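**Student:** Take a look at this one; I'll ask things after.
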Amino acid sequence: MAPHGPRAPLEFGGPLGAAALMLLLPATMFYLLLVARSGPARLLGPPPYLPGLQALWSPRALLLCLAWLGLQAALYLLPARKVAEGQELKDKSRLQYPINGFQALVLTALLAGLGVLAGLPLAALPEMLLPLAFAATLIAFVFSLLLYLKSQVAPASALAPGGSSGNPIYDFFMGRELNPRICFLDFKYFCELRPGLIGWVLINLALLVQEAELRGSPSLAMWLVNGFQLLYVGDALWHEEAVLTTMDITHDGFGFMLVFGDLAWVPFTYSLQAQFLVHHPQALGLPMASTICLINAIGYYIFRGANSQKNTFRKNPSDPRVADLETISTATGRQLLVSGWWGMVRHPNYLGDLIMALAWSLPCGASHLLPYFYLLYFTSLLVHREAHDERQCLQKYGLAWHEYCRRVPYRIVPYIY
Ligand SMILES: NC(=O)C1=CN([C@@H]2O[C@H](COP(=O)(O)OP(=O)(O)OC[C@H]3O[C@@H](n4cnc5c(N)ncnc54)[C@H](OP(=O)(O)O)[C@@H]3O)[C@@H](O)[C@H]2O)C=CC1
Ligand SMILES: CC(C)=CCC[C@@H](C)[C@H]1CC=C2C3=C(CC[C@@]21C)[C@@]1(C)CC[C@H](O)C(C)(C)[C@@H]1CC3
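The C-terminal residue of the sequence shown carries number 495 in this note's numbering, and the numbering is unbroken.
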């Protein structure tokens with residue numbers, strides 16, 4: 079079982095590290111937004127210029143962000159095709175979650191289409207990225223503060239294992255409450271999948287339209303980046319229920335790190351490749367484009383295969399699709415897969431995700447490092463996540479986890495790591 083309360087080891091260097099990250103993460107996001115639109119687009123140089131407050135603050139951008147959150151919340155509250163139950167909580171209860179994320183994506187696409195037909199200038203959105211990112215950051219700070227205050231009146235059983243150190247800065251950053259919600263609106267589940275992910279593909283689409291207006295038609299590179307990332311977001315929302323077993327939902331509190339990650343970091347930095355392409359057009363031949371599509375398809379095949387295999391197995395180990403796989407028994411009664419995808423490396427889903435990340439950067443060519451930022455950041459995020467998960471699995475499964483590590487020695491990349 080994971081350690082609780084003050085005894086939980088502090089992550090990210092404790093309160094000082096958390097405070098530094100609270101400044102560093104937004105600063106990095108603004109830096110990337112500025113660099114992507116600058117001529118040299120140098121990832122490792124000083125920022126091209128320092129924007130004044132008038133370039134960042136716009137009441138219209140704030141209103142737009144709030145309207146976006148309101149729209150996504152309204153779509154979340156629409157009748158769902160299914161209501162799923164989450165993992166069992168400390169008090170033995172299970173929370174309920176609507177499964178209508180894909181429906182929200184489709185309805186948002188319809189609304190955006192209608193908006194464009196009615197004269198909504200989608201291509202103007204990229205020009206507002208800086209003030210929109212600033213507004214999203216402000217919202218993230220205020221929302222995290224409200225969540226922190228709300229957690230002060232939450233019962234102890236509702237707190238996450240890692241966010242109750244007693245240090246306000248650290249707890250504000252990590253999040254104290256595990257599943258903060260008002261009635262049916264679960265804030266963490268909502269934010270993780272809706273406004274940020276759907277916002278990301280909307281920003282990508284706006285960049286595609288802007289490129290078409292600038293150059294007559296969108297480039298092949300832009301189509302690939304839009305297509306790959308839409309597939310990724312569509313897949314996440316189609317398999318929405320699977321997010322209920324990720325450690326973000328089952329283990330982590332909902333504090334500034336995740337709030338900012340979901341609402342600002344994902345839409346504004348994950349769309350970096352499309353931003354880069356508008357300002358730095360790339361000629362991409364068909365052979366190269368086909369190779370990149372193949373790389374993305376391989377990554378997706380591994381990512382989806384591994385995630386679905388584990389989810390199917392966790393739901394019903396006797397399902398014919400997984401019943402023949404080899405397993406190790408653990409003292410908890412749960413089993414671990416040691417063949418199939420999970421017999422290749424201990425985190426095959428991370429491997430697939432990383433291969434896709436490479437495919438998203440390749441259409442941007444090899445002249446700049448900036449489009450590869452996502453790949454670099456994502457590698458470090460997954461290495462950190464993998465170490466975190468291994469510690470938890472060792473605590474949960476003890477000797478059986480040692481046996482799994484012996485049988486499957488590589489973590490993410492076969493024969494390398
Ligand atoms: N694009 C992005 O920014 C991000 C994407 N991701 C993606 O999200 C997805 C989910 O990632 P994440 O939640 O970190 O981790 P996983 O989906 O890999 O879940 C880890 C859990 O799986 C279970 N497990 C581990 N090994 C086995 C095994 N051999 N057999 C059966 N169960 C096993 C354990 O939980 P238990 O035994 O309790 O079931 C373990 O805690 C991944 O595909 C990842 O790539 C993640 C972070 C960011
Ligand atoms: C640098 C920073 C602010 C870190 C915060 C991390 C978050 C950005 C990520 C933590 C886990 C995430 C997941 C997804 C998006 C990024 C965050 C929020 C995810 C929704 C992407 C789509 C996938 O299919 C997924 C559903 C498996 C995934 C879940 C984890």
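We treat Cβ as the ideally placed atom computed from N, Cα and C, and that holds for glycine.
Quick caveat: nothing in here was measured; it's all calculated off a predicted structure.
1. Just curious, the alpha helix (DSSP H) that Ala236 is in, first and last residue?
2. Mapping DSSP to helix, strand and coil, what is Tyr248?
3. Quick one: Cα of Gly131 to Cα of Val279, how far?
4. Taking 7 Å as the limit between beta carbons, can you name the residues of its chain near Leu341, skipping five residues before and five after?
5. Taking 8 Å as the line, does the beta carbon of His466 fall inside it for any heavy atom of ligand 2?
6. In angstroms, rounded to a whole number, what distance separates the CA positions of Val400 and Ser417?
7. In angstroms with no decimal places, state the Cα-to-Cα distance between Gly305 and Ser386.
8. Return the chain-ordered list of same chain residues with a C-beta closer than 6 Å to the C-beta of Gly383, the five sequence neighbours on each side being excluded.
9. Please give me, in chain order, every unbroken run of the beta strand (DSSP E) with length at least 3 that falls completely inside the segment 158-229.
10. My guess is that Leu78 and Pro492 are in contact by the Cβ rule of under 8 Å, so how many angstroms apart are they, rounded?
11. Taking Cβ to Cβ, would you say Ala201 is nearer than 9 Å to Asn282?
12. Along the chain, where does the alpha helix (DSSP H) that runs through Ile276 open and close?
13. Have a look at Thr390, Leu315, Trp438 and flag the residue whose alpha-carbon is nearest the alpha-carbon of Leu372.
14. Using a Cβ-Cβ cut-off of 7 Å (strictly less than) and excluding sequence neighbours within five positions of Arg489, which residues of its own chain qualify?
15. So, under 8 Å CB-CB, Met434 and Tyr348 are touching, yes? Tell me the CB distance rounded to an integer number of Å.
16. With 16 as the cutoff for other CB atoms within 10 Å, does Gly164 come out buried or exposed?
17. Between which residues of its own chain and Ala80 is the CB-CB distance below 7 Å, once the five residues before and five after are set aside?
18. In terms of residue numbering, what span does the beta strand (DSSP E) encompassing Ser407 cover?
19. Is the segment 397-416 close to the segment 360-371, with three or more CB pairs under 8 Å?
20. In chain order, what residues of the same chain have a beta carbon less than 8 Å from the beta carbon of Tyr452, not counting five sequence neighbours either side?
21. Starting from Gln63 and walking both ways along the alpha helix (DSSP H), at which residues does that stretch end?
22. For Phe338, verify whether its CB is less than 8 Å away from any heavy atom of ligand 2.
23. Let's see if you can read the secondary structure: which residues bound the beta strand (DSSP E) around Leu372?
24. Quick one: what does DSSP say Glu255 is sitting in, helix, strand or coil?
25. Specify the secondary structure class of Leu121 as computed by DSSP and reduced to three states.
26. Are the Cβ atoms of Lys266 and Asp169 separated by less than 9 Å?
27. Taking 8 Å as the cut-off, is the beta-carbon of Thr324 closer than that to any non-hydrogen atom of ligand 2?
28. Please find out if some non-hydrogen atom of ligand 1 comes closer than 8 Å to the beta-carbon of Tyr493.
29. Given that a residue counts as buried once 16 or more other Cβ atoms are within 10 Å of its Cβ, and exposed if not, what is Lys393?
30. Quick one: residues in its chain with C-beta nearer than 7 Å to the C-beta of Val287, no 5 flanking neighbours on either side, listed in chain order?
31. What residue range is occupied by the uninterrupted beta strand (DSSP E) comprising Gln413?
32. Put Ile494 into one of helix, strand or coil per three-state DSSP.
33. Verify whether the separation of the beta carbon atoms of Gly333 and Ser222 is less than 9 Å.
34. Got a sec? Which residues, its chain only, sit under 6 Å from Thr390 by beta carbon, not counting five neighbours each side?
35. Per the contact definition of three or more C-beta pairs closer than 8 Å, is the segment 144-164 in contact with the segment 174-184?
**Tutor:** A quick look at the data gives this:
1. Within the sequence shown, the letter at position 158 stands for residue 236. That residue, Ala236, is in no alpha helix (DSSP H); it is neither H nor E in DSSP.
2. Start at 1 with the first residue of the sequence shown, and residue 248 comes out as number 170. Of the three classes helix, strand and coil, the one that applies to Tyr248 here is helix, per DSSP.
3. If you number the sequence shown from 1, residue 131 lands on position 53. If you number the sequence shown from 1, residue 279 lands on position 201. Note on identity: in this sequence residue 131 is Leu, with Gly being the wrong assignment. Roughly 27 Å separates the two Cα atoms.
4. Residue numbering aside, residue 341 sits at position 263 when the sequence shown is read from its first letter. Around Leu341: Ala214, Ile217, Ala218, Cys269, Pro273, Gly274.
5. What you label residue 466 is simply residue 388 of the sequence shown in a count that begins at 1. No; taking the cut-off as 8 Å, the Cβ of His466 has no heavy atom of ligand 2 nearer than that.
6. Position 322 of the sequence shown holds residue 400. Position 339 of the sequence shown holds residue 417. Rounded to the nearest angstrom, the two C-alpha atoms are 10 Å apart.
7. Numbered from 1 along the sequence shown, position 227 holds the residue referred to as residue 305. Numbered from 1 along the sequence shown, position 308 holds the residue referred to as residue 386. Between Gly305 and Ser386, the C-alpha separation is close to 22 Å.
8. Numbered from its first residue, the sequence shown carries residue 383 at position 305. The residues are Trp419.
9. 161-163, 174-176
10. The structure shown does not extend to residue 78, since the chain is modelled only from 79 to 495, so the question has no answer here.
11. Start at 1 with the first residue of the sequence shown, and residue 201 comes out as number 123. Start at 1 with the first residue of the sequence shown, and residue 282 comes out as number 204. For the pair Ala201 and Asn282, the CB atoms are not nearer than the 9 Å cut-off.
12. Numbered from its first residue, the sequence shown carries residue 276 at position 198. Run containing Ile276: 273-293, per the alpha helix (DSSP H) assignment.
13. Reading the sequence shown from its first residue, position 294 is the one you call residue 372. With respect to the C-alpha of Leu372, the residue from Thr390, Leu315, Trp438 having the closest C-alpha is Trp438.
14. Taking the first residue of the sequence shown as 1, we reach residue 489 at position 411. Closer than 7 Å at Cβ, skipping near neighbours: Val423, Arg424, His425, Glu464, Tyr495.
15. Your numbering for residue 434 matches position 356 in the sequence shown. Your numbering for residue 348 matches position 270 in the sequence shown. Between Tyr348 and Met434 the Cβ distance is about 12 Å, and since that is not below 8 Å, they are no contact.
16. Numbered from its first residue, the sequence shown carries residue 164 at position 86. Classification of Gly164: buried, given that the 10 Å Cβ count is 16 or more.
17. Locating residue 80 in the sequence shown gives position 2, counting from the first residue. In this prediction, Ala80 scores a pLDDT of 39, lower than 50, which makes its location untrustworthy; the coordinate-derived value is nonetheless stated afterwards. Once the five neighbours on either side are set aside, the close Cβ partners of Ala80 are Pro239, His329, Gln470, Gln473.
18. Indexing the sequence shown from 1 puts residue 407 at position 329. Element bounds for Ser407: 405-407.
19. no
20. In the sequence shown, the residue the question calls residue 452 occupies position 374. Around Tyr452: Thr347, Tyr348, Leu350, Gln351, Ala435, Trp438, Ser439.
21. Nothing about residue 63 can be read from this structure; the chain reaches only from 79 to 495.
22. Position 260 of the sequence shown, counting from 1, holds the residue named residue 338. Yes, the Cβ of Phe338 comes within 8 Å of a heavy atom of ligand 2.
23. Within the sequence shown, numbered from 1, the residue matching residue 372 stands at position 294. Counting along the chain, Leu372 falls outside any beta strand (DSSP E), though it belongs to the alpha helix (DSSP H) covering 364-393.
24. Within the sequence shown, the letter at position 177 stands for residue 255. Here Glu255 sits in strand by DSSP.
25. Taking the sequence shown and counting its residues from 1, the one referred to as residue 121 is at position 43. Note: Leu121 maps to coil in three-state DSSP.
26. Numbered from 1 along the sequence shown, position 188 holds the residue referred to as residue 266. Numbered from 1 along the sequence shown, position 91 holds the residue referred to as residue 169. Result no, Cβ atoms of Lys266 and Asp169 do not sit closer than 9 Å.
27. As a first step, residue 324 is located in the sequence shown; it is residue number 246 there, counting from the start. Result yes, Cβ under 8 Å from ligand 2.
28. Here residue 493 is taken as the residue at index 415 of the sequence shown, counted from 1. No, Cβ of Tyr493 sits at least 8 Å from all heavy atoms of ligand 1.
29. Taking the sequence shown and counting its residues from 1, one reaches residue 393 at position 315. It counts as exposed.
30. Locating residue 287 in the sequence shown gives position 209, where the first residue counts as 1. Answer for Val287: Leu200, Ala201, listed in chain order.
31. As a first step, residue 413 is located in the sequence shown; it is residue number 335 there, counting from the start. Note, Gln413: beta strand (DSSP E), 413-415.
32. Within the sequence shown, numbered from 1, the residue matching residue 494 stands at position 416. Note: Ile494 maps to coil in three-state DSSP.
33. Position 255 of the sequence shown, counted from the start, is the residue given in the question as residue 333. Position 144 of the sequence shown, counted from the start, is the residue given in the question as residue 222. Cβ atoms of Gly333 and Ser222: closer than 9 Å.
34. Sequence index remark: in the sequence shown, residue 390 carries index 312 (1-based). Counting only Cβ-Cβ distances below 6 Å, and skipping sequence neighbours, we find Asp397, Arg399, Val400.
35. yes
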